[in-house]
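Enquirer: Protein chains in written order, with our numbering: chain A, 724 to 1169; chain B, 2 to 1004; chain C, 3 to 65.
For glycine and all other residues, C-beta sits at the position ideal for the given N, C-alpha and C.
What you are looking at is a predicted structure, and each value in this text was computed from that prediction instead of being measured.
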Amino acid sequence: MGRVTPGGLDDQVLAFPETKPPKQWYFALAITLSAMFIGLVCIGYTFVTGIGAWGNNSPVFWAFDIINFVFWVGIGHAGTLISAILFLFRKRWRNAIARFAEAMTIFAVICAVIFPLIHVGRPWVAFWLFPYPNQRALWTNFRSPLLWDVFAVNTYFSVSLMFWYLGLIPDIASMRDRTTSKVRKVIYTALALGWRGAATHWQHYEKAYLLLAGLATGLVLSVHSVVSFDFATSVVPGWHMTIFPPYFVAGAIFAGFAMVVMVLVVVRETMQLKNLITDRHLDVMNKVILAMSCIMGYSYMMEGFTAWYSMNEYLHHGFMNIITGTYGWAGWLTISCNILIPQILWFKKARTSYFWMILVAIGVTIGMWFERFVIIVISLHQDFLPSAWRIYKPTMVDFGILLGTFGIFFTLVLIFARVLPVIATTEVKAILPDAQPSHHGDDHHV
Amino acid sequence: MKTRLPEHGPLETPRFWRTLEERIESPEAQSAAQDEFLPGAVPSFDDVHGLPVQQGFSRRDFLGLVSATAALAATVGCDRKGQGTVVPYTKRPVEVVPGVANFYASAWQEGRRVYPVLVKTREGRPIHITGNDEHPGTKGKTSPRTMADVLRLYDPDRLRAPKLDGRIQNWAEVESRLHAALVAAKGAGQSVLLVTGAVTSPSRKALLADLKAALPTLEHLALEPAAGDAAEEASRACFGQAVQIQPRLDRAEVILSLGADFLNGDDPEALGAWGAKRRLKHAKDVINRLWVLEGPMTLTGTNADVRIPVAPSRLGALAFTLAKELAAKGVPLPAGTDLSSISAGVPAELREASKLWADLLQDLHHAGRKAVVLCGAQMPAEAHQAAHLLNAMLGSEALTVRPAEPLATVKDLEAAAKGMAGGRYGTVVFWDVNPAFTFPGTTTWKDAVAKVPFRAWIGQVEDETAAQCQALLPENHWLESWGDFWTEGADVLQQPTVGTLYDTRQGEDILLGAIKALSGHGLGNYHAFLLDRWQRSLPAGTAFEQALHDGLVKVAAKATPPPFKGASVAPAARKAAASRADGLELVLFPGFATFDGRHGNNSWLQETPDPITKMTWDNPLSLSVQDAKALGIQEGDFVSLSLDGTTLKLPAVIQPGQAKGVLSLALGYGRGTGGVAKGVGLNAYPLMGLDPASANVRQGVRLAKAGGRKELSRTQSHHRMEGRDLVRSLTMDEFEHNPKGHRHMPELVSLYEEQKFPDHKWGMVIDLAACTGCSACVVACQSENNVPVVGPEQVAKGREMHWIRIDRYYEGELENPKVVHQPMLCQHCDSAPCENVCPVNATNHSPDGLNQMAYNRCVGTRYCANNCPYKVRRFNFLEYTAYKTEPETLVNNPEVTVRPRGVMEKCSFCVQRIQDVKIRAKGEGRSILDGEVTTACMAGCPADAIVFGDLKDPKSKVAQLVAASRAYRVLEEVGAKPAITYLADLKNPPLNAASNRGGHHAH
Amino acid sequence: MAAQDRRPFTDRLAALVAGPFLLGQRALALQWGESPGSPPEPPPEPPARLSLTPPEHAIKRRG
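1) Taking the CB atoms as reference points, tell me whether Ala1013/B and Asp768/B lie closer together than 8 Å.
2) Determine the direct distance from the alpha carbon of Asn894/B to that of Ala210/B, and round the result to whole angstroms.
3) Compare the Cα-Cα distances from Ile1085/A to each of Ser897/A, Asn1009/A and Arg1003/A and report the closest residue.
4) Taking the alpha-carbon positions, what's the Ser258/B to Lys1116/A distance?
5) Quick one: measure Cβ to Cβ for Thr498/B and Pro269/B, integer angstroms, because I've assumed they're closer than 8 Å.
6) Enumerate in chain order the residues of its own chain whose CB-to-CB distance from Met298/B is below 6 Å, with the five nearest sequence positions on each side excluded.
7) Using beta carbons (cut-off 8 Å, strictly below), is Gly65/C in contact with chain B?
8) If you reduce the DSSP assignment to three classes, tell me which class Ser641/B lands in.
9) Taking a Cβ distance cut-off of 7 Å, strictly less, list which residues of the region 478-503 of chain B are near chain C, in chain order.
10) Check this for me: beta carbons of Thr1118/A and Leu752/A, under 8 Å apart or not?
11) Which class does Val255/B belong to by DSSP, given the choice of helix, strand or coil?
12) Under 7 Å Cβ-Cβ, which residues of chain B neighbour His1040/A?
13) Which stretch, first to last residue, makes up the alpha helix (DSSP H) that contains Gln913/B?
14) Name the chain C residues whose beta carbon is nearer than 9 Å to that of Ala106/B?
15) Buried or exposed: Gly346/B, going by 16 or more other Cβ atoms within 10 Å of its Cβ?
16) CB of Ala207/B to nearest heavy atom of the ligand ATP: below 7 Å?
17) By how many angstroms is the C-alpha of Thr70/B removed from the C-alpha of Pro38/C?
18) Using 8 Å for Cβ pairs, my map puts Cys470/B next to Phe431/B. What's the rounded Cβ distance?
19) Taking Cβ-Cβ distances shorter than 8 Å, what residues in chain B pair up with Thr21/C?
20) Are the CB atoms of Leu984/B and Ala968/B within a distance shorter than 8 Å?
21) State yes or no: is the beta carbon of Gln717/B nearer than 8 Å to at least one beta carbon in chain A?
22) What residues are listed by DSSP as bridge partners for Lys988/B?
23) Can you give me the C-alpha to C-alpha distance between Asp510/B and Trp109/B, rounded to a whole angstrom?
24) Classify Lys814/A as buried or exposed, calling it buried when 16 or more other Cβ atoms lie within 10 Å of its own Cβ.
25) Distance, Cα to Cα, Gln747/A vs Phe830/A?
26) Give a yes or no on whether 8 Å exceeds the smallest Cβ distance from Ala16/C to chain B.
27) Entirely within the region 739-813 of chain B and at least 3 residues each: give me those beta strand (DSSP E) ranges in chain order.
28) So, Val988/A versus Ile1081/A, is the Cβ gap smaller than 8 Å?
29) Give, in chain order, every residue of the region 113-139 of chain B whose Cβ lies closer than 8 Å to some Cβ of chain C.
30) Verify the CB distance criterion: does Gly775/A have a CB-CB separation below 8 Å to chain B?
31) Closer than 7 Å, Cβ to any Cβ of chain A: which residues of the region 946-979 of chain B, in chain order?
32) Scan the region 874-946 of chain A and note each continuous alpha helix (DSSP H) run of 4 residues or more that stays entirely inside, going in chain order.
33) Checking contacts by CB at 8 Å: is Leu879/B closer than that to chain A?
34) Just the Cα atoms here: how many angstroms apart are Gln735/A and Ile1101/A?
35) Would you identify the three-state DSSP class for Pro38/C, choosing helix, strand or coil?
36) Report the residue ranges of all alpha helix (DSSP H) runs contained in full by the region 601-655 of chain B; include only those spanning at least 4 residues, in chain order.
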């Protein structure tokens, strides 16, 4: 493959959807679709029987539903961070991976929004969470963080979707021009919105992209802060903490990057994109993961410190539960996966080794899921009155829905990888050495 | 196409045509060709555009009608499921006004205890039971099982028509068979056995006498398996007759309980007196002192000031020793009493607590007539006799001993079984009893019954006994029946509150029919029989109607207590002195929910947590901490319990405070019939002994781990307070000098505006010193607020729905802990954490201080429940109610919404009752009086521990209690500003005994 | 405003979709209805409502 040229890039990336998918792709799709189907059956079962199909009880009124929600919203953070914040900071290495990361954001948020819808006791009236005018003069409660959530997640999803789609337009136009299939032609023509590559198009495009990037940047920080308010503004010991917003944002970026690394490694291997997604990309991504891991470690320590320093017996009990309680294993799993294992990334060898980075990425994904388990289940199962304390046990339906969201996520990833350009060719072209006069700067290499 | 075309048309024939008609040049076509609009293209009535009026049907009309048809069809298709029809009364029953509750005074009995009640009916349906406030003893209070018994009226398993040989038959057919059998038996001089419950009714007693007169071969057994055969044996020995003992705790200063559980909710009179003695305003007020010597942990034991765990088989010996010591102190023994077999001095069990022993002796001695000794019905006969002796010695005023109708003990039943097996009886009639379940030797009993030629059963739900009978005669529920009862201080009437739901009769009517068939004369029905008797005996100036209205006629106490027979003591004392507590000892006691098994089919009771173990839907074996440790048994482990060849495999519960070597197991579970009762728990009756003196306390039990575990359907799984300031408990000394302890409450600030309460601010005060944990409030609330039952699996998962629960905590050493109870319900916080977080405003604050739930608006995010520090919100995880049909739905209170799945619910402070009073007060143009609004829990609390009222009214009782020195709020530091104030629990140990109780300090 | 605009539209939409469907279903049922798939027996009737009667001779306390 070697050196990347604009023409070669087009052939490599834009022609890819035209090729016939290999057997392995169908095999993978079969697996993810099965997982998705299991999830949908479990969701259907929940609709028919009620939330009682899950393991939730009193006092653990929230469990897998909200864990999964926070988990997937978190995964969705890396994409926007990469595409928007790094764009604004002119970190141009992002260009090669931004498209994929953004797509993963969209898919992760799709997985996430399933949960607020299905976790309510009466999903058929879930639309009451929207403040819409109605004859009964009913209005929503703007004091409730759950309502803030509705807005934060919706805004985040729509802005991310627009941002992603906007970036896709020039590439889709290229694909429209290249394709020989009539069906594809029609579809790409519709999606390209009449893009002709005119200078005015580019001018508007660049402006819109910059504006959306600016908008998305704020959202990256806001959406998970708002999600953390669900917990931080409550009175539950273990939730009621001021550190939560930054801690949640860092955790989200952490989990998101891990997921991106995991998927990118597979993509660059199976789609022969090593020349575009280089070792340096992985190295940089792993550095971000390491940095976030350290922030997480600090946050965990602060939780302990707060529990000790506040002299609040409930908070203290909650923290001790994480370390020594019934679910202490989950606490230690979280700490190991999120803090201890990622420390291997201090070594450059580990940052460029598939084995270590996959191990860390899988570890972080598991660890971050369990972090939410720790926050939600451990805090809830023993709060103020010991008489109400109770153990929580998930059911098969809980696991089925979790599996189903992974199915949905990876099904969408697989389909995306086959039908749309996985790399923003226009952006990559802009940073090719041929694209502009060379100043022999580092930034100019992909 | 066969239309002929003109071969040679005129020259003007158009070259092109639009229709065939035009081609053949019909006149219509020619004119149509000139018109812009073809017929039907425009509406026939279009005068807007000035078009000519046209004939026929326009296309637009047609399309309009089609869509209207479609819309109508679609509307018809949208049939709402479960939509009922509302039909007004065509002829309104005189008594029934829709929307207005009727109250009837009535009564019923459970065992020997009579409960005078007030029944609330709505649209003719009895829906709620409280005590009859006219009764001088119970004073408007009643028991949890009484309140729950309204559900039994609507039990779908009730037999709705008579059955003969397994087939539904009409009454005439079945009765004629019964009468023929009785007449035949009378003719042949063959015995007829009638087994009934306890006779506490004068009219029923007269009826039985009439029956006996008409049928001289009648043998009658009154069977009450939960009454305690040992108590019956002891009273026969000590008084020469059966007696009923009623504690009068209002007169008691020192109470010694020998395993007596008189505070468990069964006895509203005792609880009322207990509460009155414990609701102290000032430390100088008089308080009683409760000493408890017991093996199993009972509710009374948890309320003790001093509790000493002792094996039940040794209670007699200890009590006789007390008697001997008292005698040594100069208290005279009754004539003929011989205690020579008893050795004086501190008994072996109390060597380590000799100081306590001395205190106890001193207390009893000093209190004298104001001391009372009570013995648990299930305790061995010697203990009862010792208690009788002690009371006689002290001359206790704090109890009344009344002659009672005798009960059959297990020995009598055994004899009856022998008689049946030997062909002695031609006919047997079981009336409201279930010996096939309650007799210890089930097979023996069943084989014996099968030998009786004709077997009849009178009852409500087909049970184990009914399964063996040819004639099944369905009986009315007591809410459909007439009757009367003796009680201390009043003769009580029972009247129907609803017409019979099914083709049933009351048992007395069936017997009257039998009397008529046997003797040829007799009154038509029991109502007439009762009326006749009452009109003859009513005091002058009292109308029967007035008696029915009041539910009772007050009478002066007339029965003189039978004299104590001193000579009866010697053999009992000898037996007691010889008693040894080695090995494991099993105590069998009536289940809190099931009693003797008769309430097994009542799901409200099955789901009401046992006040001690907090178990629902099961009877696990309780064992002591020490024994569990020795045998390596953990909570929930299956154990096998063997005695006399009977082995039960059941889950174990480790019971703090249970005496070492003592096991306890509830009776009344493991029923084989009934949609609810079947398969719940295990039947413990086969473990009962055949010696009445110790039928419920069995020695020589073997216990081993059986392998496996059971998920306990328990509502509380953590039993310690973890050092948190949740239930405050003060000794009298602390109450006097430092009631608030050393707590510092930081000033609470809020960013939100304070709630404003313009008119009322409802609040509640719960006195933990009076609350015994009897759980009557739980049942009262369930009945009032249509609280659904969820079943054992859901309880095990933590999804019970009770709006009020009793938190029970242990403190101090597990071998003999201090126990506290705390009713926990929605605290109706002024700054409620739940209200803030509801995204749809489904829970919000009312201007009179209620934290209210709009079920219709609730989406079910459950955020409110997470954010509730008291965890009193209940979520409908599944559909618990919608599938219910009549008769089950008839018990619902129409003033309270039935909640569907996916909706959060919780205590509403009985908002429907508040509204009811508000409307009434408004109608009468006055303000609400203090105490006029009662919540169901408050009205149901026998100890008057709950007070509800308006906190804005400074003169209200509740406002005054809030200012008491014992007052505190739970979790005040969270800042939710709860509207419920608790008054700290009080313990009154002898001054120097405080150190003997582990962890006995409030923090 | 929005609510007023929406209602007739949704009604029309419902009529448009449901009308032909239901009519078609009826029409088809005329020809092919009641044929093989019809259940052999109707499901058991829900239990009839109990008729409640006031108690005879009883005297109420209040109400």
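Expert: Put simply:
1) Nothing can be reported for residue 1013/B: it is not among the residues displayed for chain B, which extend from 2 to 1004.
2) Each residue's Cα considered, the two are about 41 Å apart.
3) For the residues Ser897/A, Asn1009/A and Arg1003/A, the minimum Cα distance to Ile1085/A belongs to Asn1009/A.
4) Using only the alpha carbons, I get a separation of about 43 Å.
5) Contact doesn't hold; Cβ gap of about 20 Å is too wide.
6) Only Ile613, Gln656, Gly658 and Gln659 meet the Cβ criterion.
7) True, the Cβ-Cβ gap to chain B drops below 8 Å.
8) In this structure, Ser641/B counts as strand in the three-state DSSP scheme.
9) Cβ contacts with chain C: Gln496, Pro497, Thr498, Val499, Gly500 and Leu502.
10) No.
11) Val255/B: strand per DSSP, three-state reduction.
12) The contacting residues are Glu723.
13) It spans Val912 to Gly924 - the alpha helix (DSSP H) in which Gln913/B sits, taken as one unbroken run.
14) Going along chain C in sequence order, the residues near Ala106/B (Cβ under 9 Å) are Ile61, Lys62 and Arg63.
15) Exposed.
16) As presented, the structure is devoid of all ligands, the ligand ATP included, so that no description of it is given.
17) Note on Pro38/C: pLDDT 48, under 50, position unreliable in the model; no value is reported.
18) About 7 Å separates the two Cβ atoms, so the contact holds.
19) First, the residue type needs correcting, since residue 21/C is Gly and not Thr in the sequence shown. Correct list: Val67, Ser68, Thr70, Ala71, Ala72, Ala74 and Ala75.
20) The answer is yes: Cβ separation under 8 Å.
21) Contact with chain A is found for Gln717/B, since one of that chain's Cβ atoms lies less than 8 Å from the residue's Cβ.
22) Under DSSP, Lys988/B forms a beta bridge with Thr732/B.
23) Between Asp510/B and Trp109/B, the C-alpha separation is close to 17 Å.
24) When all chains shown are included, Lys814/A counts as exposed.
25) Here the alpha carbon of Gln747/A sits roughly 22 Å from the alpha carbon of Phe830/A.
26) Closer than 8 Å to some Cβ of chain B, the Cβ of Ala16/C qualifies, so yes.
27) Taking 3 residues as the shortest admissible run, the region 739-813 of chain B contains the following complete beta strand (DSSP E) segments, listed from N- to C-terminal end: 763-768 and 805-812.
28) In contact: Val988/A and Ile1081/A (Cβ atoms closer than 8 Å).
29) Listed by position along the chain: Leu119, Thr122, Glu124, Gly125 and Arg126.
30) Judged by the 8 Å Cβ criterion, Gly775/A is in contact with chain B.
31) Within the region 946-979 of chain B, the residues whose Cβ lies closer than 7 Å to some Cβ of chain A are Leu972 and Val975, listed in chain order.
32) Runs of the alpha helix (DSSP H) inside the region 874-946 of chain A: 905-915.
33) With respect to chain A, the C-beta atom of Leu879/B has a partner C-beta closer than 8 Å.
34) If you draw a straight line from the Cα of Gln735/A to the Cα of Ile1101/A, it is about 49 Å long.
35) Low confidence applies to Pro38/C: its pLDDT is 48, below 50, so where it sits in the model is not reliable, and the reading given next is rough at best. Of the three classes helix, strand and coil, the one that applies to Pro38/C here is coil, per DSSP.
36) Entirely contained in the region 601-655 of chain B, the alpha helix (DSSP H) runs reaching 4 residues are, in chain order, 604-608 and 626-632.
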